[in-house]
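Visitor: Protein sequence lines correspond, in order, to chains A and B. Under this note's numbering, residues 49 to 152 are what the first sequence spells out, in order. Under this note's numbering, residues 212 to 637 are what the second sequence spells out, in order. Even glycine gets a Cβ: it sits at the ideal position worked out from N, Cα and C. These numbers were taken from a predicted model, which means no experiment stands behind them.
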Amino acid sequence: MNSQFKKGALELCVLSQLKTMDRYGYQLTDAVSKQMQIAPGTLYLILKRLKEDGMLETYLVESDEGPARKYYHLTAKGKEKEEELEAEWFEFVKAVDLLLGKEN
Amino acid sequence: MSKEEYMTELKTKLEGFDEELVQEITADYEERFKCGLEGGKSEEEVARELGSVDELVKELNSFKEDKEDSCKDRKSEKSSFNEQKFKEDASEAYDEVMGVLGKVFKSVKTGLNEVMKSVEGAFSKRDSDSTSYEEYNATNEMDYGMPVSRNYTATHDVSDLNIIVNGSSADVDLLMCDTEKIAFNVDYGAHRDEMLYPFYINDTDSRVEFRIIKREGNSAFFARCSSTSIKVTVSVPRSFSGRIRISTASGDIKVQDLNNDATELYIDSLSGDLEVYNCNLSLLKTSETSGDLHLGGGLVKKIDISTVSGDVSTDVPANEYSIKTTSGDVDINNTAPVEFERSYCVRTTSGDAHIKVCGDANVDYSSISGDLSLRLDKTKIYHKIHVDTVSGDREINVLNKPAGDGGKEKCINTKTVSGDIFINLI
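Here's what the structure looks like:
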């Protein structure tokens, strides 16, 4: 799949996973890689980008089973971005569906 | 490939990528092996599922291309320094920087112009409008001989109006009265406060803004002597409708008896406590840092609360509750029956939540370590109880469920990592 295209879609997937609750890395990559063919490690690059752009914040929570877990939290800016991307996505899908003749 | 072989290859091939990124990826893959083995898979199977490391590196690189990533690129360039490329990059960077600077200058310039325009506008308005000018001056004059309470009565109509109250360290009381105009009354506990904290009014057609501004300069020295005790009372006529915004730094806020259900109330405070009693509103939106919040009586269509460490307690019925706290506890008591269906969305990090509801409701709770106790009484429809915590305990009681509900989808969905769950359906 075209990497730019995939990247945009993955950003949306990650943001939307964080909309209802904070999650730590493994929870996120597990949820996304279950549905999509993608190396789980790739998502960390996307998470890093989103954090650098101020869409996400992180905090550490001690864990009984190993090192502390880094939780990701959606910022107000991230929430806005998510809504924007989601709207764009549905519009895009609708347009493609129309062109493919799946919708009358 | 065994786990060890896979992890070694992973670490070797990720060398040169951002260190934190590599750490996160390896921790993730470690956990995948652990979960896989616990689930009865062999190391080889998990390694196969994870896919080849080369594939991951390829994918990572393809996502990097659009934006030069700090560490890796710098490292790889150092090893194979290419003067021509360096020059190209440098000139590109130079153009980019100049472009950004140009934009910054432009926006600063337009910003300044706008500020100047509004300042000029304010001056010319004050000069032309003699009554407000006098009022402005009157509150500015410091006179020890004057009474300690000051009043201002707004002059215009009260429908579809914005009221803005900025109380700083003063307490603010807002209540509905049998008056015809909006009135502000400031009660200074001490002469010194009156001198230090003059208030200003900006009164236009669509809004009345009240603001206490601490006086700067030598006199501010006295402010350190003791805390202030200023109380602002805002009286709002019964016919009022519109939006009210109250903000304070440390002052407490109390709002009572607003009865127009089209009115929206916005409150911001750092450490002040907030109380709202018997108000019918379309929206109540609050944002606090450490102040506690208490809502009692009335009816609000939508309540949106966010606080860091303040506790929230409420018995106000609302169609929609959205509460977000970090460590504050949440207590919702909606046991009085109502006709409409309600939804509760509560998010906390470590705050506990106690929710008691009588009638139909959707509940969505998520927390990291907060406990939840939820009691639903006479609830026909609970098609979306969603509870998600990492280590909090939860207890859910559904009581007196009426027979023969309307066939709505019902679902209690709870998830926990280490907390206890107790569900009681009667």
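(1) For Arg422/B, list the residues DSSP reports as bridge partners.
(2) Below 8 Å on C-beta distance, what does Thr77/A contact in chain B?
(3) Determine the closest residue to Leu91/A out of Asp389/B, Leu232/B, Glu499/B and Ser379/B, with distance taken between C-alpha atoms.
(4) Tell me the residue span of the beta strand (DSSP E) that contains Asp382/B.
(5) Under 8 Å: do the region 374 to 392 of chain B and the region 445 to 456 of chain B share three or more Cβ pairs, one atom per stretch?
(6) In three-state terms, what does DSSP make of Gln85/A?
(7) Evaluate the contact criterion for the region 478 to 495 of chain B versus the region 511 to 519 of chain B: three or more CB pairs, one atom per stretch, below 8 Å.
(8) Of all the options Ile374/B, Leu587/B, Gly507/B and Ala564/B, which has the alpha carbon lying nearest to the alpha carbon of Thr415/B?
(9) Buried or exposed for Pro115/A, please, with buried defined as at least 16 other CB atoms from any protein chain shown within 10 angstroms of its CB.
(10) Once the 5 residues before and after Ile94/A are set aside, which same chain residues still bring their CB inside 8 Å of it?
(11) Would you mind working out which of Tyr576/B, Glu249/B, Phe274/B and Val549/B sits nearest Asp588/B, comparing C-alpha positions?
(12) Quick one: measure Cβ to Cβ for His597/B and Ser584/B, integer angstroms, because I've assumed they're closer than 8 Å.
(13) Excluding the 5 residues preceding and the 5 following Ser458/B in the sequence, name in chain order all residues of the same chain whose CB lies nearer than 6 Å to its CB.
(14) Within the 9 Å Cβ cut-off, does Leu95/A reach chain B?
(15) Between the Cα of Asn544/B and the Cα atoms of Tyr532/B, Arg558/B, Ser554/B and Val527/B, which residue gives the shortest distance?
(16) Check whether the Cβ of Phe410/B lies closer than 9 Å to any Cβ atom in chain A.
(17) Using a Cβ-Cβ cut-off of 9 Å, state whether Asp221/B counts as contacting chain A.
(18) Within the 9 Å Cβ cut-off, does Gly73/A reach chain B?
(19) Rounded to whole angstroms, what is the Cα-Cα separation between Ile579/B and Met103/A?
(20) On the three-state DSSP scale, how would you describe Phe180/B?
(21) Helix, strand or coil for Asn272/B, going by three-state DSSP, please let me know.
(22) Step through the CB atoms of chain A and report whether any lies within less than 9 Å of the CB of Glu231/B.
(23) Please report the Cβ distance between Asn362/B and Phe410/B, rounded to the nearest whole angstrom; I am assuming they are in contact, meaning their Cβ atoms lie under 8 Å.
(24) Apart from the five residues just before and just after Val487/B, which ones in its own chain have a Cβ nearer than 6 Å to its Cβ?
(25) Do Lys535/B and Ser554/B have their C-beta atoms closer together than 9 Å?
(26) So Ile393/B is in the beta strand (DSSP E); what residue range does that whole segment cover?
(27) Which runs of the beta strand (DSSP E) at least 3 residues long sit entirely within the region 60 to 148 of chain A? Give them in chain order.
(28) Is the Cβ-Cβ distance between Gly247/B and Glu256/B less than 9 Å?
(29) For Asp571/B and Val397/B, I'd like the C-alpha separation in whole angstroms.
(30) If the cut-off is 8 Å on Cβ atoms, which residues from the region 116 to 130 of chain A count as contacting chain B, listed in chain order?
(31) Consider the Cβ of Gly102/A: report whether some Cβ of chain B lies at a distance smaller than 9 Å.
(32) Could you tell me whether the Cβ atoms of Ser452/B and Asp371/B are closer together than 9 Å?
(33) Considering Ala529/B, what are the terminal residues of the beta strand (DSSP E) in which it resides?
(34) What span of residues does the alpha helix (DSSP H) with Glu486/B cover, start to end?
(35) Please classify Val549/B: does DSSP put it in a helix, a strand, or coil?
Guide: Looking at the coordinates:
(1) For the purposes of this step, residue 422/B is identified with residue 211 of the second sequence, where counting begins at 1. The partner list for Arg422/B (beta bridge, DSSP) reads Asn377/B and Tyr411/B.
(2) For this step, residue 77/A is matched to residue 29 along the first sequence. Those within 8 Å of Thr77/A in chain B are Asp239.
(3) Start at 1 with the first residue of the first sequence, and residue 91/A comes out as number 43. Considering only Asp389/B, Leu232/B, Glu499/B and Ser379/B, the residue with the shortest C-alpha distance to Leu91/A is Leu232/B.
(4) Residue numbering aside, residue 382/B sits at position 171 when the second sequence is read from its first letter. Taken as a continuous stretch (DSSP letters only), the beta strand (DSSP E) holding Asp382/B covers Asp382 to Cys388.
(5) Between the region 374 to 392 of chain B and the region 445 to 456 of chain B there are three or more inter-stretch CB-CB distances shorter than 8 Å, so the stretches are counted as touching.
(6) Here residue 85/A corresponds to residue number 37 of the first sequence, with the count starting at 1. In the displayed model, Gln85/A falls within coil according to three-state DSSP, outside both helix and strand.
(7) yes
(8) Here residue 415/B corresponds to residue number 204 of the second sequence, with the count starting at 1. Residue Ile374/B is the option with its Cα nearest to Thr415/B.
(9) Taking the first residue of the first sequence as 1, we reach residue 115/A at position 67. Classification for Pro115/A: exposed.
(10) Position 46 of the first sequence, counted from the start, is the residue given in the question as residue 94/A. A distance below 8 Å between beta-carbons, with the five flanking residues on each side excluded, links Ile94/A to the following residues of its chain, in chain order: Lys55, Leu58, Glu59 and Val62.
(11) Sequence index remark: in the second sequence, residue 588/B carries index 377 (1-based). Nearest C-alpha to Asp588/B: Val549/B.
(12) Position 386 of the second sequence, counting from 1, holds the residue named residue 597/B. Position 373 of the second sequence, counting from 1, holds the residue named residue 584/B. 16 Å between Cβ atoms; not a contact.
(13) The sequence position of residue 458/B within the second sequence is 247, counting from 1. Asn377 and Asp479.
(14) Translated into the one-based positions of the first sequence, residue 95/A becomes position 47. Output row for Leu95/A: interface = yes.
(15) As a working note, residue 544/B is residue 333 in the second sequence. In this structure, Val527/B is the residue among Tyr532/B, Arg558/B, Ser554/B and Val527/B with its C-alpha nearest to the C-alpha of Asn544/B.
(16) The count along the second sequence starts at 1 and reaches residue 410/B at position 199. False, the Cβ-Cβ gap to chain A never drops below 9 Å.
(17) Counting from one through the second sequence, the residue named residue 221/B turns up at place 10. Residue identity differs from the one stated: residue 221/B is Leu in this sequence, not Asp. Closer than 9 Å: yes.
(18) Walking along the first sequence from the start, residue 73/A turns up at place 25. Yes - at least one Cβ of chain B is within 9 Å of the one on Gly73/A.
(19) Position 368 of the second sequence, counted from the first residue, corresponds to residue 579/B. Position 55 of the first sequence, counted from the first residue, corresponds to residue 103/A. Separation of Ile579/B and Met103/A (C-alpha to C-alpha, rounded to the nearest whole angstrom) is 21 Å.
(20) Nothing can be reported for residue 180/B: it is not among the residues displayed for chain B, which extend from 212 to 637.
(21) On the second sequence, residue 272/B is found 61 positions in, with the first residue counted as 1. The answer is helix: DSSP assigns Asn272/B an H, G or I state.
(22) Taking the first residue of the second sequence as position 1, residue 231/B is located at position 20. Taking Cβ atoms only, chain A reaches closer than 9 Å to Glu231/B, which makes this a yes.
(23) As a working mapping, residue 362/B is identified with position 151 in the second sequence. As a working mapping, residue 410/B is identified with position 199 in the second sequence. With a beta-carbon spacing of about 11 Å, Asn362/B and Phe410/B fall beyond the 8 Å limit used to define contacts.
(24) Walking along the second sequence from the start, residue 487/B turns up at place 276. Val466 and Leu506, listed in sequence order.
(25) Position 324 of the second sequence, counted from the first residue, corresponds to residue 535/B. Position 343 of the second sequence, counted from the first residue, corresponds to residue 554/B. It is not a contact, given that the beta carbons lie outside the stated cut-off.
(26) Here residue 393/B is taken as the residue at index 182 of the second sequence, counted from 1. Unbroken run through Ile393/B: none, as it is neither H nor E.
(27) 104 to 109 and 117 to 122
(28) Along the second sequence, read from residue 1 onward, the residue named residue 247/B stands at position 36. Along the second sequence, read from residue 1 onward, the residue named residue 256/B stands at position 45. In this structure, Glu256/B lies closer than 9 Å to Gly247/B by Cβ.
(29) Working through the second sequence from its first residue, we reach residue 571/B at position 360. Working through the second sequence from its first residue, we reach residue 397/B at position 186. Each residue's Cα considered, the two are about 44 Å apart.
(30) Lys118 and Tyr119
(31) As a first step, residue 102/A must be located in the first sequence, where it is residue number 54. So no, Gly102/A is outside the interface.
(32) For the purposes of this step, residue 452/B is identified with residue 241 of the second sequence, where counting begins at 1. For the purposes of this step, residue 371/B is identified with residue 160 of the second sequence, where counting begins at 1. In contact: Ser452/B and Asp371/B (Cβ atoms closer than 9 Å).
(33) Sequence index remark: in the second sequence, residue 529/B carries index 318 (1-based). Element bounds for Ala529/B: Ala529 to Thr536.
(34) Stepping through the second sequence from its first residue, residue 486/B is reached at position 275. No alpha helix (DSSP H) contains Glu486/B, which is instead part of the beta strand (DSSP E) from Leu485 to Glu499.
(35) Within the second sequence, the letter at position 338 stands for residue 549/B. Val549/B: coil per DSSP, three-state reduction.
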